[in-house]
Amino acid sequence: MKLQLRTIVSAFLVFVSAAVLSAQAVQVQPAQKNAAGQLSLAEARSLALAKSAVVRKYSLAVDEALLVKRAQNYAALPSLSASGSAAYDIPDSLPDGVSSSAGLSASATIFDGGKNIALSKKYDYALQAARENLRAERISVIDTVDAAFFAVLEDKASLDAAQSDLDAAKLRLEIAQVKADTGTLSKSDLLETKSEIASYQATLDKAKAALLSAEAKLISLTGQPVSSRLVPVDFTAYDQLIRKLSAMDGGTLADFISATVSTARSNSPSYSSYVLAAKEAGQTLSAAKIACLPTISASLDGSLNAEQGAVVSSAGVTLSASMDLDVWTLGNSIKQARNLLEQAELDTTDRGESLDLDVAQAVYSWISAAMAIPSCTTALEYAKTNYETVLEKFKLSSATSSDVSTAQALVSTDETALISAQYTFLSSLSTLRGLAGLEDESEIIAAVK
0 MKLQLRTIVS
10 AFLVFVSAAV
20 LSAQAVQVQP
30 AQKNAAGQLS
40 LAEARSLALA
50 KSAVVRKYSL
60 AVDEALLVKR
70 AQNYAALPSL
80 SASGSAAYDI
90 PDSLPDGVSS
100 SAGLSASATI
110 FDGGKNIALS
120 KKYDYALQAA
130 RENLRAERIS
140 VIDTVDAAFF
150 AVLEDKASLD
160 AAQSDLDAAK
170 LRLEIAQVKA
180 DTGTLSKSDL
190 LETKSEIASY
200 QATLDKAKAA
210 LLSAEAKLIS
220 LTGQPVSSRL
230 VPVDFTAYDQ
240 LIRKLSAMDG
250 GTLADFISAT
260 VSTARSNSPS
270 YSSYVLAAKE
280 AGQTLSAAKI
290 ACLPTISASL
300 DGSLNAEQGA
310 VVSSAGVTLS
320 ASMDLDVWTL
330 GNSIKQARNL
340 LEQAELDTTD
350 RGESLDLDVA
360 QAVYSWISAA
370 MAIPSCTTAL
380 EYAKTNYETV
390 LEKFKLSSAT
400 SSDVSTAQAL
410 VSTDETALIS
420 AQYTFLSSLS
430 TLRGLAGLED
440 ESEIIAAVK
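Heads up, the sequence shown is in numbering that gives the first Met the number 0, so the first residue is 0 and it goes up one at a time.
So this is what it looks like as structure tokens:
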């Protein structure tokens with residue numbers, strides 16, 4: 000069974016390694032790295048944004064919305080047209096048989112009851128919505144690359160921890176072998192130690208596979224290999240922030256949540272989309288209400304006609320007015336527009352409440368992860384000290400092999416818990432940043448008092 004497990008894990012490692020090498024072969028541009036040759040989180044974000052086809056698609060959608068807005072503005076300008084013609088009657092003599100004409104006309108709507116203004120504002124909101132959609136996609140890409148970046152670092156830390164566990168188990172086996180050779184350790188205890196090494200080796204193999212998979216995901220997002228080390232996270236830089244978060248009382252916490260909710264309401268592109276949809280629906284209602292007002296247009300026409308040596312000019316101004324008297328259709332359009340506006344306002348209210356709740360829950364998760372880090376650190380320090388003590392006792396035959404195994408398992412468990420708490424802290428901060436509609440965390444961190 001153990002052989003089968005090792006075979007399966009080895010095969011998986013080969014498969015994932017091939018995927019990583021394949022992804023590395025398809026590169027978009029040379030990797031941007033810092034002076035130490037390491038890829039930072041900020042650089043990974045920039046690479047992912049530059050590579051994202053969806054971001055480019057939304058950028059084109061913004062350009063399209065701008066063109067639509069301009070087309071609506073141009074519709075309010077006077078319309079100009081020119082015409083001309085020339086003819087020659089063959090039976091007539093050359094001068095008398097030639098005739099020509101030229102004309103110029105201009106027309107414009109001089110009063111429409113505000114319809115064009117309402118439509119112009121509507122397209123303004125549509126343009127803003129397109130920009131918010133672009134910003135939402137940028138934030139989504141940043142969220143995704145953050146998760147992938149942290150996954151690589153977390154899996155690397157887990158791999159190092161698994162390697163440390165295996166090295167410790169091998170050291171214990173060396174001691175156990177010497178004790179077994181001298182008759183101070185039973186054969187069953189020796190076999191137990193060997194079986195634990197196999198278990199730690201399997202854990203190490205799984206950690207390698209997880210790291211390769213995480214690296215492949217990051218490569219697919221950035222288009223760059225991660226053969227060089229990523230810039231590691233200096234968790235000591237967060238010590239003061241963690242202390243502030245852990246020391247928050249009820250009032251301070253409420254103020255922080257309120258400030259973060261306010262930031263989210265102002266910056267969240269998803270919430271802004273609902274707000275803009277409601278404003279756009281409001282302009283649709285305004286346009287429906289004024290559709291019954293008359294539209295007055297004016298046109299100016301001028302022409303020159305030359306025939307048989309004589310030139311005749313003419314000009315004229317025309318005023319026209321039209322009014323839609325289909326009151327039933329107009330009334331129905333107003334009701335439909337009002338209904339759509341009410342729906343949009345309800346959606347905006349509901350989304351705002353959901354956003355407030357999501358932000359509050361993200362804050363609680365972030366603080367919970369922050370508070371777990373010091374306790375996990377303390378627990379790991381104790382576990383390591385205890386392991387060293389028990390190992391020394393085992394060398395002196397005052398502790399059993401099971402005692403050492405238990406102490407080592409405690410170190411492994413506490414180290415895993417610390418790694419999880421640290422990267423949950425970073426992931427929670429990233430989630431909170433995304434909910435607040437921000438592309439970096441500085442504003443969130445600055446709000447912690």
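From the three backbone atoms N, C-alpha and C, an ideal C-beta is built for every residue, glycine too.
Do you know how far the Cα of Gly-249 is from the Cα of Gln-360? 15 Å
Spatial neighbours of Asp-164 within its chain, please: C-beta separation below 6 Å, excluding the five flanking residues on both sides. So the qualifying residues of the chain are Tyr-199, Ser-411.
Which residues does DSSP pair with Asp-300 in a beta bridge? Ser-104, Gly-315
For the alpha helix (DSSP H) holding Val-230, just list the boundary residues, first then last. No alpha helix (DSSP H) holds Val-230; DSSP gives it neither H nor E.
Between the CA atoms of Leu-275 and Leu-46 - distance to the nearest angstrom: 30 Å
Report the partner residues of Leu-38 according to the DSSP bridge assignment. According to DSSP, residue pairing for Leu-38 in a beta bridge involves Leu-229.
Runs of 3 residues minimum, wholly inside the segment 340 to 382: which ones carry the beta strand (DSSP E) assignment? none
Classify Ser-157 as helix, strand or coil using the three-state DSSP reduction. helix
Between the alpha carbons of Glu-442 and Thr-262, how many angstroms are there, rounded? When rounded, the distance between both Cα atoms is 9 Å.
Name the DSSP beta bridge partners of Thr-294, please? Ser-321
Compute the Euclidean distance between the alpha carbons of Ile-174 and Tyr-422, then round it to the nearest angstrom. Going by the C-alpha atoms only, they are around 35 Å apart.
For the alpha helix (DSSP H) containing Ala-197, name the first residue and the last one. 186 to 221
For Ser-267 and Val-140, I'd like the C-alpha separation in whole angstroms. 15 Å
Just the C-alpha distance for Ser-426 and Lys-278, rounded to the nearest angstrom, thanks. Between the alpha carbons of Ser-426 and Lys-278 lies a gap of roughly 34 Å.
With a Cβ-Cβ cutoff of 9 Å, do Ala-449 and Cys-375 count as a contact? Nothing can be reported for residue 449, as the shown portion of the chain is limited to 0 through 448.
Less than 9 Å between the C-beta atoms of Ser-321 and Ser-353, yes or no? Contact: no.
Taking C-beta to C-beta, are Glu-131 and Ser-271 nearer than 9 Å? yes
What number of angstroms, rounded off, separates the C-alpha of Gly-111 from the C-alpha of Gly-281? First, the residue type needs correcting, since residue 111 is Asp and not Gly in the sequence shown. The straight-line gap from Cα to Cα measures roughly 18 Å.
By a C-beta neighbour count over all protein chains shown, 10 Å radius and 16 as the cutoff for buried, is Ala-167 buried or exposed? With 16 or more Cβ atoms within 10 Å of its Cβ, Ala-167 is classed as buried.
Cβ neighbour criterion (16 or more within 10 Å) applied to Arg-134: By the Cβ-count criterion, Arg-134 is buried, with 16 or more other Cβ atoms from all chains shown falling within 10 Å of its own Cβ.
Rounded straight-line distance, which links the Cα of Ile-372 to that of Thr-221: 30 Å
Same chain, Cβ closer than 6 Å to Leu-318, five either side skipped, listed in chain order: Ala-297
Relative to the C-alpha of Ser-212, which candidate in Leu-76, Glu-153, Thr-399, Asn-338 has its C-alpha closest? Considering only alpha carbons, the answer is Glu-153.
In whole angstroms, what separates the C-alpha of Ala-201 from that of Ala-147? 24 Å
Ignoring anything shorter than 3 residues or poking outside the segment 116 to 142, list the beta strand (DSSP E) runs there in chain order. When DSSP assignments are scanned along the segment 116 to 142, no uninterrupted stretch of beta strand (DSSP E) that is 3 or more residues long falls wholly within it.
Under 9 Å between the Cβ atoms of Ala-209 and Ser-157? yes
Within its chain, find whatever has a CB closer than 6 Å to the CB of Ala-382; leave out the 5 residues flanking it on each side and keep chain order. Leu-409, Val-410, Asp-413
Whose C-alpha, out of Lys-448, Glu-440, Val-447, Gly-433, is nearest the C-alpha of Thr-143? Its Cα nearest to that of Thr-143, the residue Gly-433 stands out among Lys-448, Glu-440, Val-447, Gly-433.
Can you tell me whether Val-53 is buried or exposed, with buried defined as 16 or more other CB within 10 angstroms of its CB? Label assigned to Val-53: exposed.
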